[in-house]
Amino acid sequence: MPDEAGWLDLPPERMRELGHQAVDLVVDHLTGLRAQPVRTPATPADLRHVLSEPVPEHPADPGLLLELLTREVLPRSLRLGHPGCLAFIPSANNFLSVLGDLLASGFNTSPGAWPVGAGPAAVELVTARWLAELLGLPEGTGGVFTPGGTLANLTAIAAARDDRLGADSAGGVLYCSDQTHPAVLKACHVLGLRREQVRLLPAMNAEPVRQAVHADRAAGLRPFLLLANAGTTATGAIDPLPELAELSRAEGLWLHVDGAHGAAAALTERGRTALRGLAEADSVAVDPHKWLFQPYEIGCVLVRNPDVLHRAFTIDRFRAGTDYLTVSRPAATETNLSDHGVQFTTAARALKLWLSLKGFGVSAFRAAIDHGLDQAEHVAHRVAVSHELDLVTGPSLGIVCLRYRDGSDETQAAICRHVNESGDTFVATTTVDGQLALRLCTINPRATRADLDRVLTAIVTAGRSAAV
Ligand SMILES: *Cc1c(COP(=O)(O)O)cnc(C)c1O
Numbered sequence: 062m063p064d065e066a067g068w069l070d071l072p073p074e075r076m077r078e079l080g081h082q083a084v085d086l087v088v089d090h091l092t093g094l095r096a097q098p099v100r101t102p103a104t105p106a107d108l109r110h111v112l113s114e115p116v117p118e119h120p121a122d123p124g125l126l127l128e129l130l131t132r133e134v135l136p137r138s139l140r141l142g143h144p145g146c147l148a149f150i151p152s153a154n155n156f157l158s159v160l161g162d163l164l165a166s167g168f169n170t171s172p173g174a175w176p177v178g179a180g181p182a183a184v185e186l187v188t189a190r191w192l193a194e195l196l197g198l199p200e201g202t203g204g205v206f207t208p209g210g211t212l213a214n215l216t217a218i219a220a221a222r223d224d225r226l227g228a229d230s231a232g233g234v235l236y237c238s239d240q241t242h243p244a245v246l247k248a249c250h251v252l253g254l255r256r257e258q259v260r261l262l263p264a265m266n267a268e269p270v271r272q273a274v275h276a277d278r279a280a281g282l283r284p285f286l287l288l289a290n291a292g293t294t295a296t297g298a299i300d301p302l303p304e305l306a307e308l309s310r311a312e313g314l315w316l317h318v319d320g321a322h323g324a325a326a327a328l329t330e331r332g333r334t335a336l337r338g339l340a341e342a343d344s345v346a347v348d349p350h351k352w353l354f355q356p357y358e359i360g361c362v363l364v365r366n367p368d369v370l371h372r373a374f375t376i377d378r379f380r381a382g383t384d385y386l387t388v389s390r391p392a393a394t395e396t397n398l399s400d401h402g403v404q405f406t407t408a409a410r411a412l413k414l415w416l417s418l419k420g421f422g423v424s425a426f427r428a429a430i431d432h433g434l435d436q437a438e439h440v441a442h443r444v445a446v447s448h449e450l451d452l453v454t455g456p457s458l459g460i461v462c463l464r465y466r467d468g469s470d471e472t473q474a475a476i477c478r479h480v481n482e483s484g485d486t487f488v489a490t491t492t493v494d495g496q497l498a499l500r501l502c503t504i505n506p507r508a509t510r511a512d513l514d515r516v517l518t519a520i521v522t523a524g525r526s527a528a529v
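Start counting the sequence shown at 62; every next residue gets the next number (the working numbering).
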């Protein structure tokens, strides 16, 4: 038997060659987006045709495999960074972050335990501190990075539950609006909060919330959490944070803000104004893989008093019999991030955010977010002066909802289908007050005013033919 175990190794020159090929393919993708359709649909049968093969027992040429993936597989998607994509929350990643992910995966060191990944842990700590400062959160705020908004919200809700209800969450009740993202309700479910422990209110104004809290207390229940939205996914709506902050203090409730989409707007002056009260939250969830232009996955939960995270998630609460993990214990001044969140081993996912914030400077991010807000204002203005369109909601945190004036819900749906079939634009619909609206999310920094004008023209043209 040879001494060197090279089964999964490649010669250094071949690694460089393949690496260059992969980078070239990514750069071609990023710089060629505009020339691509916004979406290439694919049926399961299409992809089975490409991918259904026996287990690959023997090696294949990796260069050809990279080509196969980038030619046949990855393109069969909605291109969320395409300037014509206004559906969902568009995600226009940036190349420095892509390189951050490459380094994170290449060096493969995990920030979860300080003795294991001190360097990447330090990057997470400093990047979380920057993020807190950029959102205007108070000094001392700390947090952890997560795979996304779902886990960021889950982490916050678990911390709030432990902090306010202790070991037994029986009878605990939380309050949120019926516009809350399903991910948050799923997180509640995963945490073992039953459906009747979640009060879904039509609006989160302080007075009705106070009444609901008092009624629940009178019934022997234990209100513990106000869950506010800073940018609902449907309309970008913001719950009244200052009055909810006041209510939460008066009632001894935890205030968590789901800012997965919207919190990043606080980097700008307009956004900071719209999100007044955010700084008073006990915790905030924000998704850098949305409006901070990071590749998936990266979410973040920021907590005013990070000790609460530590008490909720420290490994010492969860040790079974074995003690083999003692070598990963941090020294007094060190932080084990796995003691502050759900996961143990994690990717060094803050590296990409650190690298892009440093490499472009925060001013570039601020300008890019501001552009998204400008774009939404432009759309709202165009709709307001149009004789054929009605403004339904917004602009709010980069989201505008509108309707074709002389059309039913069916007309709006037909417009959406028609516009999306064109291949250069992709929009969504959502229901607002029982009526179907076209929803445009304008946060892609690479989309221009002309791109939006083109979308509006397409909507009007489709509306004229759908309405007759
Ligand atoms: C996207 C989003 C979520 C879910 O976050 P993921 O990153 O998809 O896990 C939760 N809440 C809001 C408001 C969102 O926009």
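C-beta: ideal position from N, C-alpha, C; glycine also.
Beta-carbon proximity of residue i to residue j, cut-off 9 Å
{"i": "alanine 311", "j": "aspartate 300", "result": "no"}
{"i": "glycine 145", "j": "threonine 486", "result": "yes"}
{"i": "leucine 147", "j": "valine 423", "result": "no"}
{"i": "arginine 331", "j": "aspartate 431", "result": "yes"}
{"i": "leucine 316", "j": "leucine 305", "result": "yes"}
{"i": "arginine 500", "j": "alanine 264", "result": "no"}
{"i": "phenylalanine 421", "j": "leucine 157", "result": "yes"}
{"i": "leucine 164", "j": "leucine 416", "result": "yes"}
{"i": "lysine 413", "j": "glycine 161", "result": "yes"}
{"i": "valine 274", "j": "leucine 302", "result": "no"}
{"i": "glycine 173", "j": "alanine 182", "result": "yes"}
{"i": "tryptophan 175", "j": "serine 389", "result": "yes"}
Where the alpha helix (DSSP H) containing residue i begins and where it ends
{"i": "tryptophan 415", "result": "411 to 421"}
{"i": "valine 480", "result": "470 to 482"}
{"i": "isoleucine 150", "result": "Where isoleucine 150 is concerned, there is no enclosing alpha helix (DSSP H), given that its DSSP letter is neither H nor E."}
{"i": "glycine 80", "result": "73 to 92"}
{"i": "threonine 334", "result": "330 to 335"}
{"i": "arginine 278", "result": "267 to 279"}
Per-residue DSSP class, three states only, for residue i
{"i": "asparagine 155", "result": "coil"}
{"i": "proline 243", "result": "helix"}
{"i": "phenylalanine 374", "result": "helix"}
{"i": "glycine 533", "result": "No answer is possible for residue 533: the residues shown for the chain start at 62 and end at 529."}
{"i": "asparagine 397", "result": "coil"}
{"i": "serine 113", "result": "coil"}
{"i": "serine 309", "result": "helix"}
{"i": "phenylalanine 206", "result": "strand"}
{"i": "proline 181", "result": "helix"}
{"i": "arginine 464", "result": "strand"}
{"i": "valine 318", "result": "strand"}
{"i": "aspartate 343", "result": "coil"}
{"i": "leucine 363", "result": "strand"}
{"i": "leucine 141", "result": "coil"}
{"i": "serine 171", "result": "coil"}
{"i": "isoleucine 504", "result": "coil"}
{"i": "alanine 498", "result": "strand"}
{"i": "serine 238", "result": "strand"}
{"i": "glycine 233", "result": "strand"}
{"i": "arginine 100", "result": "strand"}
C-alpha distance - residue i paired with residue j, whole-angstrom precision
{"i": "valine 270", "j": "aspartate 377", "result": "37 Å"}
{"i": "leucine 497", "j": "alanine 474", "result": "8 Å"}
{"i": "glutamate 185", "j": "alanine 527", "result": "51 Å"}
{"i": "glutamine 97", "j": "alanine 523", "result": "22 Å"}
{"i": "leucine 79", "j": "valine 99", "result": "28 Å"}
{"i": "serine 399", "j": "proline 391", "result": "11 Å"}
{"i": "alanine 153", "j": "glycine 178", "result": "29 Å"}
{"i": "glycine 204", "j": "alanine 189", "result": "6 Å"}
{"i": "alanine 231", "j": "lysine 247", "result": "18 Å"}
{"i": "leucine 434", "j": "threonine 454", "result": "14 Å"}
{"i": "proline 120", "j": "histidine 350", "result": "34 Å"}
{"i": "tyrosine 465", "j": "alanine 511", "result": "20 Å"}
{"i": "glutamine 240", "j": "glutamate 65", "result": "58 Å"}
{"i": "arginine 525", "j": "aspartate 467", "result": "9 Å"}
Range covered by the beta strand (DSSP E) that runs through residue i
{"i": "leucine 196", "result": "No beta strand (DSSP E) holds leucine 196; DSSP gives it neither H nor E."}
{"i": "threonine 490", "result": "489 to 493"}
{"i": "alanine 289", "result": "283 to 290"}
{"i": "proline 456", "result": "450 to 457"}
{"i": "arginine 260", "result": "259 to 262"}
Residue i CB to nearest heavy atom of ligand 3 below 8 Å
{"i": "valine 362", "result": "Looking for ligand 3 in the displayed structure turns up nothing; the ligands present are ligand 1."}
Problem - Meets three-Cβ-pair contact criterion under 8 Å: the stretch 189 to 197 and the stretch 357 to 367 - result: yes
Practice task
Taking 8 Å as the threshold, find out whether the stretch 423 to 433 comes into contact with the stretch 396 to 403 through three or more Cβ pairs.
Solution key: no
Practice task
Check whether the stretch 95 to 109 touches the stretch 149 to 168, counting contact only when three or more Cβ pairs, one atom from each stretch, lie closer than 8 Å.
Solution key: no
Exercise for the section: Indicate whether the contact test is met: 3 or more Cβ pairs, each with one atom in the stretch 228 to 245 and one in the stretch 275 to 289, closer than 8 Å. Expected result: yes
Exercise for the section: Could you tell me whether the stretch 465 to 480 touches the stretch 108 to 115, where touching means 3 or more Cβ pairs closer than 8 Å? Expected result: no
Problem - At least 3 beta-carbon pairs within less than 8 Å: the stretch 317 to 327 vs the stretch 335 to 347 - result: yes
Practice task
Taking 8 Å as the threshold, find out whether the stretch 434 to 444 comes into contact with the stretch 459 to 474 through three or more Cβ pairs.
Solution key: yes
Problem - Cβ contact check for the stretch 82 to 89 and the stretch 117 to 133: 3 or more pairs under 8 Å - result: yes
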